[in-house]
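Enquirer: Structure provided below as C-alpha cells; questions to follow.
2 protein chains.
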Amino acid sequence: MLESNFIHHVFFWLKDPDNQEVKTKFEKALKELVTVETIAEKHLGTPAATNRGVIDSSYTFSLLTVFKNKADHDIYQEHPKHLKFIENCAELWDRVVVYDSESL
Amino acid sequence: MLESNFIHHVFFWLKDPDNQEVKTKFEKALKELVTVETIAEKHLGTPAATNRGVIDSSYTFSLLTVFKNKADHDIYQEHPKHLKFIENCAELWDRVVVYDSESL
Chain A
248 MLESNFIHHV FFWLKDPDNQ EVKTKFEKAL KELVTVETIA EKHLGTPAAT
298 NRGVIDSSYT FSLLTVFKNK ADHDIYQEHP KHLKFIENCA ELWDRVVVYD
348 SESL
Chain B
248 MLESNFIHHV FFWLKDPDNQ EVKTKFEKAL KELVTVETIA EKHLGTPAAT
298 NRGVIDSSYT FSLLTVFKNK ADHDIYQEHP KHLKFIENCA ELWDRVVVYD
348 SESL
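Residue numbers (our numbering), protein chains in the order written: chain A, 248 to 351; chain B, 248 to 351.
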C-alpha cells in the first residue's frame, strides 16, 4: 500500500485544451502547486493511451496528491500556494472533479 | 513525484453499498487483486470525510494502482487475478469509472 493514508485526485477539463500556451501555463502552475510541504507524494498527468468503455480520458490534466493524513490535506487546501493556484488558474478550466479517499 | 509513470485509478459504485456482507466480500477481493506482481504501488480506499461542490464522494470503493509503465499495466489487465476479480465481482457493481494517467 502507499504509505500515506489520504489520496486527493483532481481532474481538470480546460476550456481550451488544445491551446499550447494555456497548457504550458497550467503545467507550470501545477508544478509550483505541488511544492506545498505537506504533500507526501504527487503525480501530474495527462490521459494515458488506453481506451475501454469504462475509461474517462476526456480530461486535460490530472493532479494526484497523497497526504499522511487528512490534517495535512487540510493545510494544503488553505495553503497560500493553493489559493494562488486557484486564483490564477480557475478561469482556465471548464470543469473540475475531485475524488478524496482514505485507506480501507 | 511518484517514481512510477502510469496511474490507474478505479472508482466502484456498488449496487448495494450498505450491505456489509457484500462490502466485506468486495474488500477481500480487492486485497487479493492488488497482489498482482506488476503493481508498483497501490491504495484501496473509501470516500474521505470531505465535502465541497467539486468532490465526488458518491462511490463505494476506490482502487489506485501505480505501474512502472504502460506495459506493466497491460500485463495486469490480462492477469488471471484481474480476470478472476471481474468474474467474481462484476455483478456487485452498478458503475465503474477508470482514469488512466501518464506523467507530464
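Glycine included, each C-beta is placed from N, C-alpha and C at the ideal position.
Nothing here was measured: the structure is a model prediction, and the numbers come from that model.
(1) Rounding to the nearest angstrom, what Cα-Cα distance links residue 300/B and residue 316/B in this structure?
(2) Which full runs of the beta strand (DSSP E) of 3+ residues lie inside the segment 278-307 of chain A, going along the chain?
(3) Looking only at DSSP bridge pairs, what is residue 338/B linked to?
(4) For a contact defined as C-beta to C-beta under 7 Å, what are the partners of residue 295/A on chain C?
(5) Spatial neighbours of residue 353/B within its chain, please: CB distance less than 6 Å, with the 5 preceding and 5 following residues excluded, ordered by chain position.
(6) Taking 9 Å as the threshold (beta carbon to beta carbon), is residue 302/A in contact with chain B?
(7) Could you give the DSSP three-state label for residue 249/B: helix, strand or coil?
(8) What is the rounded straight-line gap between the Cα of residue 343/A and the Cα of residue 267/B?
(9) What did DSSP end up calling residue 347/B once you bin it into helix, strand or coil?
(10) Can you find at least 3 beta carbon pairs, one from the segment 319-332 of chain B and one from the segment 327-346 of chain A, that sit closer than 8 Å?
(11) Among the residues of its own chain, which have a CB less than 7 Å from the CB of residue 273/A, if the five just before and after it don't count?
(12) Less than 7 Å between C-beta atoms, sequence neighbours within five positions excluded: which residues of the same chain meet that for residue 277/B?
(13) Using a beta-carbon distance cut-off of less than 9 Å, what residues from the segment 324-336 of chain A approach chain B?
(14) CA-CA distance, residue 330/A and residue 252/B?
Expert: Result, derived from the coordinates:
(1) Sequence index remark: in the second sequence, residue 300/B carries index 53 (1-based). Sequence index remark: in the second sequence, residue 316/B carries index 69 (1-based). Those two C-alpha atoms are separated by around 33 Å.
(2) 286-294
(3) Here residue 338/B corresponds to residue number 91 of the second sequence, with the count starting at 1. DSSP, once it has assigned bridges, lists no residue as partnering residue 338/B.
(4) Within the model displayed, chain C is absent; protein chains A and B are what it includes.
(5) Given a span of 248 to 351 for chain B in the structure shown, any question on residue 353/B remains unanswerable.
(6) Taking the first sequence and counting its residues from 1, the one referred to as residue 302/A is at position 55. Cβ-Cβ to chain B under 9 Å: yes for residue 302/A.
(7) Taking the first residue of the second sequence as 1, we reach residue 249/B at position 2. Looking at residue 249/B - three-state DSSP - the assignment turns out to be coil, as it is neither helix nor strand.
(8) In the first sequence, the residue the question calls residue 343/A occupies position 96. In the second sequence, the residue the question calls residue 267/B occupies position 20. If you take the alpha carbons of residue 343/A and residue 267/B, they lie about 32 Å apart.
(9) Position 100 of the second sequence, counted from the start, is the residue given in the question as residue 347/B. If DSSP states are grouped into helix, strand and coil, residue 347/B belongs with the strands.
(10) no
(11) Translated into the one-based positions of the first sequence, residue 273/A becomes position 26. Hits under 7 Å: 261, 308, 336 and 339.
(12) Along the second sequence, one-based indexing puts residue 277/B at 30. Same-chain partners within the cutoff: 291, 308 and 310.
(13) 324
(14) Taking the first residue of the first sequence as 1, we reach residue 330/A at position 83. Taking the first residue of the second sequence as 1, we reach residue 252/B at position 5. So the alpha carbons of these two residues sit roughly 28 Å apart.
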